[in-house]
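Please read the structure below before turning to the comments.
Okay, structure coming up:
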C-alpha cells in the first residue's frame, strides 16, 4: 500500500557493494537479514535513497575452520545457522550460547551474525514511531541536541544490545572489513565508538564481511549470561560474557576477558576485574566475588524504564560472579533463564 | 438429564478449521468495491486547547476523498452513563492519542501524506497524570463543563476531576472494628495493562443509497454498536446493520463503542464510499481501552479466631481522560469481591478519577483482579499473623451455598470450599511453612520456593437494568436433518459456538457436527447484550437450550403424526425419532423435518428460546441479587525466587474452578489457561508505562506479556458443581483464570522470601529491594591478593 521510498540494489560482490556505498555516501543503507532494519523503517527512523541488499552474496554465508586455523563465519550466516552449526558448536560453544539468545527462533532465522555485530544502539526515546517522537524536539540520536535519558547530557546514551558481541570481544575475535580501499582485519572491539549516536567505527563504504575467531581463543572456556526482562524476544538488560584461559589442569586462570553488554553504547570490557582473575584458582570464591564487585563498580550506567542504575549494577556483579563460577563449573544455579 | 451424549465432552472447536487454515474472515480482510483507507490524526499532547485546525491544504491533495474533524460531529457525546467524550475533539484534547481529525483516501499513502498536511496550533494546558494529583485541591480541571449527572448511586464531580464515585455502607462497620482483635491495613497499587489481543480494532463502514450504514466490525458488542451508531447519527436502528466479523481476541477490549467506529462511518458518509479504518499496534496501546490502574487501601477487622468481621476500602481508579466504561465498572467492582467471604460489614468509598491518560475499558475480570489482589494479599498476611493456615482461614470464612451475602447476593451453587481443599491438596499446600518461622539465613544463593493462594468470586450474567437482561435464540431443523442456531451472542474466541452446538445437539439427539450457526449480523441475528460478565454460556446457552427444546417439541409432534404414536412415547437419538418402547420403529429427523415443511399447511421447524433471569439490577448500595449464578475459583501458585536477582519464576499454577458442570471441559480449560497467562503477565511484568502522558512502551516487544517459553505448568480441575439455573448445570468460566493469579503469585513470593510487594507488577528490582539479608560483616580487604599475571593486558 505504500510505495518504497527508496530503490533496492543488489550488488554481485562485496567489493561492488563497497563501491556503491562509496559512491552514494549518506544515501545508502546495507541490509543483511533486515530483522532490525525493517522495524526501524516502519518507525520512520531511517531515510535513504538506496537499500543495498547483500543477501545474494553466498560467499558471505560460509562457516569454515578448525582448531589450528581458527573459525571463520561469513557475515551473512544467520544466527540460527551459527547456533546450529556442528562446527561452531564444537569449536566455539560460547558463541553458540550467545547466538541462541538473540530474539526468538523466527528472528534468528532472519538475523545474521554480521547484522548483530553491526546492530544499531537502542533507546526508549529513539526507537519509537514518528508520531511518538513528533511531540518532542529530536534527540541527539535523531539529529537533535537533547538527550532524554540523561537530561542535559551532551552525548547519546542509546544502548548496545547485540548478544553476540560481548562473547566475540571476550574471544578477541576479529572482523574482515571490505571497503573501496581493499580489505583489512581488525578486532571486533575496535568496531565500537562508544557513542550511542553513531556506534560503529566503520567507514561509510565499509562492510563487515566475515567474523574471525583466532585459534588461540578456541581454547578459552567461556560463558555468556543474558539477563533480560523476558526469556525470548527481549534485548539484554545486562549481558555478561566471560572467557578464561585456564592452565592445563583447568584449575588456574591465566588470561581473562570479561565483557558487559546492554548497559552502554558499546560493549564494555572490565580490565580491572580481568586482572583480578588472572592467577586465580577455581576454588577462590571470595576473590571471584571481589572481581565481580570491582567489575560492577568500574562501569558507568544509567537508569532506564525497566531498571535503575543501581539494580543494573547489582546484576552486573551477580552475573560476573556467576559466569566466572560457571566457567569453573561450580555454580549449580545459573541466573540467566535457560 | 441422564447419560449426556454431547454435553460435557471435551470436543474440538467447531471453528477450528477456519482459524487453523487462515480462512477466517477478520474485519481487516473485508474488501468492498471502491473502498478507501482511513487514518486518524491523534493528539501528540496530553492536555491542550486547539487554537486552529486547518485542513484546507490536506483537502487539496489529489486522491484524498474526505477529511473530518470535530466540526463534522458537533454536540455528539459518547460514554456509558457519563457522556463526557466526543467522536472527534471539539476544542480540547485530553490525552496523547485523543482523536482530532481523520482522513480517507484511495491509497493509504495519500491518507498518510494528508495527515501531515493538517495544520494545527495548540495552546498547552497543565496536565494531570496521577489520581492523587487529580483530586488534590487546585488541580487542573480536565473537563470544564458538567455533563448530565449519572443516576444514583453514582456521583459525578468534574470540578474535582471525579468521573464517577460511589459510597457503600453495609452492616455495623463501627461495631465490627470495635469488636476486632486485629485491624490490618494496607495500600495496594495495580498498573495499567492492555488486553493484548492480536487483532487491532478495525472497521469497514459503508452507506447505501437509502442512507443505511453497514459496519463490518471487530467487536464484541454488535447490538450495542447498532444502537450507538443510531444515536450518533440520529437515525433509527433499522438504518444500521452491524456485521460481526471473526474477532482476533478481545478480552473486553472490544466491548464498547469507540471513536474509531464513529469516525469510520463519518468518513464513509462524507466520502460517499466504503472506508476501512484500522488501528496500528501503537494506536491500540495509545488509544485503546486498557485495564484501569488502581490504588486500593484496605482495612480489615479480624477476630482472634480468624473471623473476618468487617472491611473498609478506599479505591481510586485512574479512568484516564474520559469515563468510557468506568461508570458501570465502578458499580460492578466496588462490591463484587465482598461476596467471597462471610463478611458482615462493609464500607467502600470508590472513585474513578480523570487524568490526562488513555481512557480505560473492560478487561477480563472488570476490576476483579485488582480488588482480588488487594484483598487476597492481605488475607494471607492475616493468616500468618494469627498463626493460621491461610487455606484454613479462607475455609472458615468462605461463602457457602444458600448464603445471602453482605450485598444481598443469593448464592445458589457454590463449591468455593471444595475448590480451596482441592487446590490445596493438588498443590501440596501442606508443605507451605510461613516465612516468618524460617531462618533468614536461608537467603543464600539457592532459589527460594514458596506457595501462595488466592480465591475469587465472579458474576455470571449480571443485570444492569430493569430492561431485557436475557438472551434469545432460535434453533431450526432443516429438511436434511441438520440443526441451525441463530443467536445474537457472538463467539470472540471463547468457544461459545462450540458450546451452543453441543447444547442444541444434546437436546435434539444429534452430533455437535450436525449443528450449523449463523454468523453475527444485526439484520438477521437477535438482539444481544454482549459477551460481558461471563454470560454467554449461562444466558446464551439457556436460550439455545430452550430453543432446541421448542424445536424438539415440534419434531416430536410431527413424528407422532407420521408414526401414529403419542408424542410422549417418542425420543430423539442419533438423528432419529425413536419409539421408546419399540426402538426399531424410527424415522430420521430429516423425514420429520421434511414432512413438516413440505406438507400442505406446512411450516419449517423453528424453535424459539428466550431466557430472562429473575434478577435485580446491580446496585451495591442496596441489597440486590444481580446474577443468575456466581462462579468461584481457588488457585495456588508455586514460585521460585532468585535471591540474587529478585527474578520470580512461576513453577506451577494450580486452579480449581467452580464453573458449574462444564459443557465443554476442553474449551473451559483453554479459557482458564489463557486467563492464567494473562494474570501472570499482570503479576510479573506487564505495565503500560507513562512519562509525561506518553506511553513509553507501546509495543508487544516491551509490553511484558509472557512468552511461550515462560508458561508454567497449569493444573486445571473443575469442582463437582451443578448450577440449578445454568444449562445442564453450567456457569460462566471465562474470567476465573486471570483474576486470582496476581494475588496468588504475590503471596507465593512473600512466602518464598518474606518480601511483600504491594504494587503490581512484581518486578525483580522490587523483590530484590525487599530482601532482608541477615547482616554479615564484609571481608573484602585482604592483605595479599592473588599473584598478578604480567601477560594479561
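Chains as they are written, first to last, in the working numbering: chain A, 514 to 851; chain B, 496 to 1288. The beta-carbon is built from N, C-alpha and C at its ideal position, and this holds for glycine as well. This structure is a prediction, so every number in the text was calculated from the model and none was measured.
Residue i, DSSP secondary structure in three states
i, result
"residue 883/B", "coil"
"residue 796/A", "coil"
"residue 847/A", "A caution first: residue 847/A carries a pLDDT of 48, below 50, which makes its placement in the model unreliable, though a value can still be read off. Residue 847/A falls in the coil class under three-state DSSP."
"residue 660/B", "strand"
"residue 1152/B", "strand"
"residue 1248/B", "helix"
"residue 803/B", "strand"
"residue 1042/B", "helix"
Partner residues on chain B for residue i, Cβ-Cβ distance less than 7 Å
i, result
"residue 544/A", "Those within 7 Å of residue 544/A in chain B number zero; the least Cβ separation is about 20 Å."
"residue 762/A", "The contacting residues do not exist; residue 762/A stays about 16 Å from chain B at best."
"residue 642/A", "777"
"residue 828/A", "1140"
"residue 639/A", "Near residue 639/A there are no residues of chain B at all, since even the closest Cβ is about 12 Å away, more than 7 Å."
Status (buried if at least 16 other CB within 10 Å, exposed otherwise) for residue i
i, result
"residue 705/B", "exposed"
"residue 1133/B", "buried"
"residue 768/B", "buried"
"residue 1233/B", "buried"
"residue 614/B", "exposed"
"residue 515/B", "exposed"
Within 8 Å, strictly: CB atoms of residue i and residue j
i, j, result
"residue 660/B", "residue 667/B", "no"
"residue 888/B", "residue 906/B", "no"
"residue 843/B", "residue 629/B", "no"
"residue 668/A", "residue 633/A", "no"
"residue 785/B", "residue 663/B", "no"
"residue 468/B", "residue 1128/B", "Residue 468/B lies beyond the stretch modelled for chain B, which goes from 496 to 1288, so this question has no answer here."
"residue 1034/B", "residue 1109/B", "no"
"residue 1148/B", "residue 1207/B", "yes"
"residue 699/B", "residue 562/B", "no"
"residue 599/B", "residue 527/B", "no"
"residue 576/A", "residue 600/A", "yes"
"residue 750/A", "residue 639/A", "no"
"residue 969/B", "residue 952/B", "no"
"residue 635/A", "residue 674/A", "yes"
"residue 1039/B", "residue 1084/B", "no"
"residue 814/A", "residue 825/A", "yes"
"residue 712/A", "residue 774/A", "no"
C-alpha distance - residue i paired with residue j, whole-angstrom precision
i, j, result
"residue 1126/B", "residue 1156/B", "11 Å"
"residue 504/B", "residue 993/B", "11 Å"
"residue 1229/B", "residue 576/B", "25 Å"
"residue 1184/B", "residue 1069/B", "56 Å"
"residue 988/B", "residue 1028/B", "15 Å"
"residue 1060/B", "residue 1001/B", "23 Å"
"residue 625/B", "residue 783/B", "19 Å"
"residue 830/A", "residue 561/A", "41 Å"
"residue 1116/B", "residue 648/B", "7 Å"
"residue 966/B", "residue 711/B", "23 Å"
"residue 537/A", "residue 654/A", "22 Å"
"residue 1274/B", "residue 704/A", "With a pLDDT of 46 at residue 1274/B, under the threshold of 50, the modelled position of this residue cannot be trusted, and the question is left open."
"residue 714/A", "residue 706/A", "6 Å"
Within chain A, partners of residue i - CB distance below 8 Å
i, result
"residue 852/B", "The premise fails here: residue 852/B is roughly 15 Å from chain A at the closest Cβ pair, so nothing lies under 8 Å."
"residue 1189/B", "645 and 648"
Chain-ordered chain A contacts of residue i [CB-CB under 7 Å]
i, result
"residue 540/B", "648"
"residue 1204/B", "744 and 745"
"residue 527/B", "Correct list: empty, because the minimum Cβ distance to chain A is about 16 Å."
"residue 1196/B", "746"
Contacts of residue i in chain B (Cβ-Cβ under 9 Å)
i, result
"residue 737/A", "Per Cβ cutoff of 9 Å: no residues; residue 737/A is ~16 Å from chain B at best."
"residue 670/A", "Per Cβ cutoff of 9 Å: no residues; residue 670/A is ~15 Å from chain B at best."
Where residue i meets chain A, residues with beta-carbon distance less than 9 Å
i, result
"residue 1199/B", "742 and 743"
Interface flag, residue i vs chain E, CB-CB below 8 Å
i, result
"residue 820/A", "Reference to chain E is not applicable here, since the protein chains of this structure are A and B."
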